[in-house]
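Residues in the sequence shown are numbered from 102 upward in steps of one, following the numbering used here.
Take a look at the structure below.
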Amino acid sequence: MPASDAANPPTPPLDDGAAYLALQTHDSRFDGRLFVGVTSTGIYCRPVCRVRLPRQQNCRFFPEAAQAEAAGFRPCLRCRPELAPGLALVDSSRSLARSAAVLLERLLETSEDIALPAVAVRLGVTERHLRRIFQAEHGVSPIQWITTRRLLLAKRLLTDTALPITQVAETAGFGSLRRFNALFQERYRLTPTSLRKQQPGQETLAPEGVRLHLGWRPPYDTQAMLDFLGGRPLLGVEALHDGAWWRTLSLPGRQGPCQGWLGLRFDARREGVELTASPGLVPALPQVMRRVRHLLDLDAQPQDIHEALRGMPRARPGLRVPGCMDGFETTVRIILGQQVTVAAGCTLAARLVARLGDPCATPVPGLTHLFPTPQALRNTSVDTLGQLGIIRSRIDALQALAAAVLDGKLDLSPGASVDDTLAALRALPGIGDWTCQLVALRVLAWPDAFPASDAAVLRALGTRMPRRAQALADAWRPWRAYAVLQLWHGLASPAPSELPSGHPDHEPLAAP
Numbered sequence: 102m103p104a105s106d107a108a109n110p111p112t113p114p115l116d117d118g119a120a121y122l123a124l125q126t127h128d129s130r131f132d133g134r135l136f137v138g139v140t141s142t143g144i145y146c147r148p149v150c151r152v153r154l155p156r157q158q159n160c161r162f163f164p165e166a167a168q169a170e171a172a173g174f175r176p177c178l179r180c181r182p183e184l185a186p187g188l189a190l191v192d193s194s195r196s197l198a199r200s201a202a203v204l205l206e207r208l209l210e211t212s213e214d215i216a217l218p219a220v221a222v223r224l225g226v227t228e229r230h231l232r233r234i235f236q237a238e239h240g241v242s243p244i245q246w247i248t249t250r251r252l253l254l255a256k257r258l259l260t261d262t263a264l265p266i267t268q269v270a271e272t273a274g275f276g277s278l279r280r281f282n283a284l285f286q287e288r289y290r291l292t293p294t295s296l297r298k299q300q301p302g303q304e305t306l307a308p309e310g311v312r313l314h315l316g317w318r319p320p321y322d323t324q325a326m327l328d329f330l331g332g333r334p335l336l337g338v339e340a341l342h343d344g345a346w347w348r349t350l351s352l353p354g355r356q357g358p359c360q361g362w363l364g365l366r367f368d369a370r371r372e373g374v375e376l377t378a379s380p381g382l383v384p385a386l387p388q389v390m391r392r393v394r395h396l397l398d399l400d401a402q403p404q405d406i407h408e409a410l411r412g413m414p415r416a417r418p419g420l421r422v423p424g425c426m427d428g429f430e431t432t433v434r435i436i437l438g439q440q441v442t443v444a445a446g447c448t449l450a451a452r453l454v455a456r457l458g459d460p461c462a463t464p465v466p467g468l469t470h471l472f473p474t475p476q477a478l479r480n481t482s483v484d485t486l487g488q489l490g491i492i493r494s495r496i497d498a499l500q501a502l503a504a505a506v507l508d509g510k511l512d513l514s515p516g517a518s519v520d521d522t523l524a525a526l527r528a529l530p531g532i533g534d535w536t537c538q539l540v541a542l543r544v545l546a547w548p549d550a551f552p553a554s555d556a557a558v559l560r561a562l563g564t565r566m567p568r569r570a571q572a573l574a575d576a577w578r579p580w581r582a583y584a585v586l587q588l589w590h591g592l593a594s595p596a597p598s599e600l601p602s603g604h605p606d607h608e609p610l611a612a613p
């Protein structure tokens with residue numbers, strides 16, 4: 102990835118004294134980045150846990166939950182380590198081992214058995230080297246890491262939902278219920294049934310689906326995120342209703358495609374978002390959770406980002422970079438947004454949905470269709486797409502994009518190689534640097550993405566020269582994507598949808 106290790110050095114580990122201070126003060130900045138095992142109880146906790154403070158000599162500190170479990174500690178039933186925020190992709194790009202963790206997490210969502218040799222090939226290394234660097238970085242083997250992820254997900258589903266235990270095991274990636282029960286009891290010293298009985302009040306199965314809470318590290322500017330999502334409506338697929346944001350979604354599952362709808366409601370008091378997923382999406386719940394975290398940038402480390410951007414005037418520390426729920430969908434919207442206003446780009450996308458999207462029944466007003474698949478877009482005639490008001494050069498770009506995705510030449514997801522993905526995009530007709538940088542920012546979750554030719558960025562920086570904008574932005578590496586959000590929000594009127602375009606390969610405020 103372009104974000105080099107030298108430009109983005111890893112955060113040094115805390116010494117025991119500093120780690121214990123974080124535990125004493127319940128410092129939320131270290132939530133998900135620090136876990137404490139208490140030798141007198143055999144339990145490990147998050148630094149925000151409100152149980153009685155253990156003595157320092159009884160504490161062992163770990164950067165990952167998998168390391169705590171490998172050392173024999175079981176998760177706290179009060180602070181629940183499975184609820185801790187994850188790490189943003191900037192951490193994942195620092196080493197091959199972190200990139201491997203991102204890829205493994207994606208694979209375990211759709212496959213019970215993960216072949217490490219195939220993972221190694223994807224990363225361009227030998228299996229032996231993959232195992233060695235993974236152990237060195239994460240402190241556990243890939244298999245131990247995967248097992249911990251699956252068990253913590255199962256523990257969460259047992260505690261927060263009323264899903265049958267068989268479905269919990271399957272959703273968490275265990276093909277055998279017997280093995281799941283045995284492994285759960287071996288690791289956590291209680292059975293899945295007994296865990297559920299200990300916290301019966303936590304079972305919350307909504308009539309319309311499953312509800313889960315996804316946390317963030319404060320501060321979080323919820324209004325800015327809602328404004329961004331609501332200001333770029335995709336009719337038929339997305340809707341703001343009853344104080345929440347809703348959308349339809351289709352995902353690959355172990356037994357075939359999973360389709361349905363979801364809702365997101367911010368809860369600032371609990372420092373997180375309430376996710377409601379329809380029954381059709383429950384088999385793909387790990388994917389749904391991961392994609393929501395990416396969409397809302399829930400795993401960002403705001404203190405690190407704010408420190409790097411503190412020189413920006415009127416910097417808002419709670420701003421997050423809006424991601425996406427589907428990389429293909431968002432890339433299509435970015436292409437449709439070239440050289441037009443935000444409102445015009447949304448109109449073109451809505452026409453595409455109405456003509457090519459499959460119907461999807463939902464209880465939410467305005468949610469009627471799924472976004473068109475790559476197959477549908479590739480197989481639609483040029484004349485049909487032209488009737489929607491899409492110009493020929495955009496049609497060529499969209500159909501080339503769909504073909505590249507279907508042929509496996511393009512990976513539009515967080516964790517994909519930024520260099521390889523942008524090179525593949527640039528090889529397609531009608532795609533230039535602005536489009537590539539917006540894809541890197543929103544789809545690939547690259548925190549250093551910077552669309553230097555964006556009209557709003559140039560206006561905010563007081564220049565018409567992209568090279569000058571690049572030079573000014575160097576001071577914000579490796580967090581330039583967050584600087585872009587600061588620049589956009591720092592603009593005065595006119596509203597984004599009223600700004601004219603001014604570059605052959607961009608639209609002023611990223612319509613997607």
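No residue lacks a Cβ here, since even glycine has one placed at the ideal position from N, Cα and C.
All of these numbers come straight from a predicted model, not from anything done at the bench.
### Query
Can you tell me the Cα-Cα spacing of alanine 108 and aspartate 575, whole angstroms?
Here alanine 108 scores only 37 on pLDDT, less than 50, and its place in the model is too uncertain to base an answer on.
### Task
Mind listing, in chain order, the continuous beta strand (DSSP E) runs of no fewer than 3 residues lying wholly within the segment 337–417?
Taking only runs of at least 3 residues, the beta strand (DSSP E) segments lying wholly in the segment 337–417 are 339–342, 345–352, 359–368 and 373–378.
#### Entry: Secondary structure, alpha helix (DSSP H): runs of 4+ residues fully inside the segment 424–458
The qualifying runs are 428–437 and 443–457.
### Query
Taking the continuous alpha helix (DSSP H) assigned at valine 422, which residues delimit it?
No alpha helix (DSSP H) contains valine 422, which DSSP labels as neither H nor E.
### Query
Thinking C-alpha only, which one of Leu122, Ile496, Asn282 and Tyr289 is nearest glycine 438?
For glycine 438, the closest C-alpha among the options Leu122, Ile496, Asn282 and Tyr289 is that of Ile496.
#### Entry: Between the CA atoms of alanine 525 and glutamine 168 - distance to the nearest angstrom
Spanning the two alpha carbons is a distance of roughly 37 Å.
### Query
What first and last residue would you give for the alpha helix (DSSP H) that runs through phenylalanine 285?
Run containing phenylalanine 285: 278–289, per the alpha helix (DSSP H) assignment.
### Segments assigned beta strand (DSSP E), at least 3 residues, entirely inside the segment 149–174
Every beta strand (DSSP E) stretch that sits fully inside the segment 149–174 and reaches 3 residues is listed by chain position as 160–163.
### Task
Could you have a look at tyrosine 121 and say whether DSSP puts it in helix, strand or coil?
Three-state result, tyrosine 121: helix.
### Message
So, under 8 Å CB-CB, cysteine 425 and proline 384 are touching, yes? Tell me the CB distance rounded to an integer number of Å.
### Response
Rounded to the nearest angstrom, the Cβ distance from cysteine 425 to proline 384 is 21 Å, too far for a contact under 8 Å.
### Message
Please tell me whether glutamate 339 has its Cβ less than 8 Å away from any Cβ of chain D.
### Response
The question asks about chain D, but that chain is absent: this structure has only one protein chain.
### Task
Would you mind sorting aspartate 549 into buried or exposed? The rule is 16 or more other CB atoms within 10 Å of its CB.
By the C-beta density criterion, aspartate 549 is buried, having at least 16 other C-beta atoms within 10 angstroms.
### Query
Quick one: Cα of glutamine 571 to Cα of methionine 413, how far?
Rounded to whole angstroms, the gap between the alpha carbons of glutamine 571 and methionine 413 is 15 Å.
### Task
Measure the alpha-carbon distance for proline 473 versus valine 544 and round it to whole angstroms.
Between the C-alpha atoms of proline 473 and valine 544 there is a straight-line separation of about 17 Å.
#### Entry: Exposed unless 16 or more other CB atoms sit within 10 angstroms - verdict on glutamine 440
Counting C-beta atoms within 10 angstroms of its own C-beta, glutamine 440 has 16 or more neighbours from the protein chains shown and is therefore classed as buried.
### Query
Since aspartate 400 and arginine 394 are thought to touch, with beta carbons under 8 Å apart, how far apart are those beta carbons, to the nearest angstrom?
Contact between aspartate 400 and arginine 394 holds: CB atoms are separated by about 6 Å, below the 8 Å threshold.
### Query
In chain order, what residues of the same chain lie with their CB nearer than 7 Å to the CB of glycine 170, ignoring the 5 residues before and after it?
The sequence given here places glutamate at residue 170; glycine does not occur at that position. Here the set comprises Thr249 and Arg288.
### Query
Got a sec, what are the start and stop residues for the beta strand (DSSP E) valine 139 sits in?
For valine 139, the enclosing beta strand (DSSP E) starts and ends at 136–139.
#### Entry: Residue span of the beta strand (DSSP E) that contains glycine 316, given as start and end
From DSSP, the beta strand (DSSP E) with glycine 316 extends over 310–316.
### Query
Taking one C-beta from the segment 126–146 and one from the segment 200–209 each time, how about it: are there three or more such pairs within less than 8 Å?
Touching, no, given that fewer than three Cβ pairs across the two stretches are closer than 8 Å.
### Message
Only counting the same chain, and skipping five residues up and downstream in sequence, which positions put a Cβ closer than 7 Å to that of aspartate 508?
### Response
Once the five neighbours on either side are set aside, aspartate 508 has no close Cβ partner at all.
### Query
Using the beta-carbon count (16 or more within 10 Å), is proline 293 buried or exposed?
Proline 293 comes out buried.
### Task
Would you kindly check if the distance between the Cβ of alanine 166 and the Cβ of proline 182 is under 8 Å?
Yes, Cβ-Cβ distance for proline 182 and alanine 166 is below 8 Å.
### Query
Can you list, in chain order, the residues of its chain whose CB lies under 8 Å from that of glycine 487, leaving out five sequence neighbours each side?
Short of 8 Å from the beta carbon of glycine 487, and not among the five residues preceding or following it, lie these beta carbons of its own chain, in chain order: Arg493 and Ile496.
#### Entry: Cut-off 6 Å between Cβ atoms - residues of its own chain near glutamate 304, not counting five sequence neighbours on either side
Note that glutamate 304 scores 44 on pLDDT, short of 50, meaning its location in the model is unreliable and no value can be drawn from it.
### Query
Which whole-angstrom value is the C-beta distance of alanine 450 and leucine 335, which I expect to be below 8 Å?
Confirmed, about 5 Å.
#### Entry: Whole-Å CB distance - threonine 377 paired with glycine 310, under 8 Å assumed
The Cβ separation is near 6 Å, so the contact holds.
### Query
Can you give the Cα-Cα distance for proline 218 and glutamate 228, rounded to whole angstroms?
So the two alpha carbons sit approximately 5 Å from each other.
### Query
When DSSP builds the beta bridges, which residues end up paired with leucine 468?
Answer is Gly337, bridged to leucine 468.
### Task
Return the chain-ordered list of same chain residues with a C-beta closer than 8 Å to the C-beta of alanine 593, the five sequence neighbours on each side being excluded.
In this predicted model, alanine 593 has a pLDDT of only 44, less than 50, meaning its place in the structure is not dependable; the value taken from the coordinates is given anyway. None.
### Message
Assuming arginine 234 is part of the beta strand (DSSP E), what are its boundary residues?
### Response
Per the sequence shown, the amino acid found at residue 234 is isoleucine instead of arginine. Judged by DSSP secondary structure, isoleucine 234 falls outside any beta strand (DSSP E) and instead within the alpha helix (DSSP H) spanning 228–239.
### Task
May I have the straight-line CA-CA distance separating tyrosine 121 from glutamine 476, to the nearest angstrom?
Rounded to the nearest angstrom, the two C-alpha atoms are 54 Å apart.
### Task
Please determine, among Gly490, Thr142 and His470, the residue with the shortest C-alpha to C-alpha distance to asparagine 159.
Distances from the alpha-carbon of asparagine 159 to those of Gly490, Thr142 and His470 put Thr142 closest.
### Query
Alpha carbon to alpha carbon, what distance is there between tryptophan 547 and proline 387?
Whole-angstrom Cα-Cα distance: 22 Å.
### Task
For my contact list, leucine 539 and isoleucine 435 are in at a C-beta cut-off of 8 Å; report their separation, rounded to the angstrom.
5 Å between Cβ atoms; contact.
### Task
Identify, in the order they occur along the chain, each residue of the same chain with its Cβ nearer than 6 Å to the Cβ of glycine 354, setting aside the five sequence neighbours on each side.
The residues are Pro384 and Ala385.
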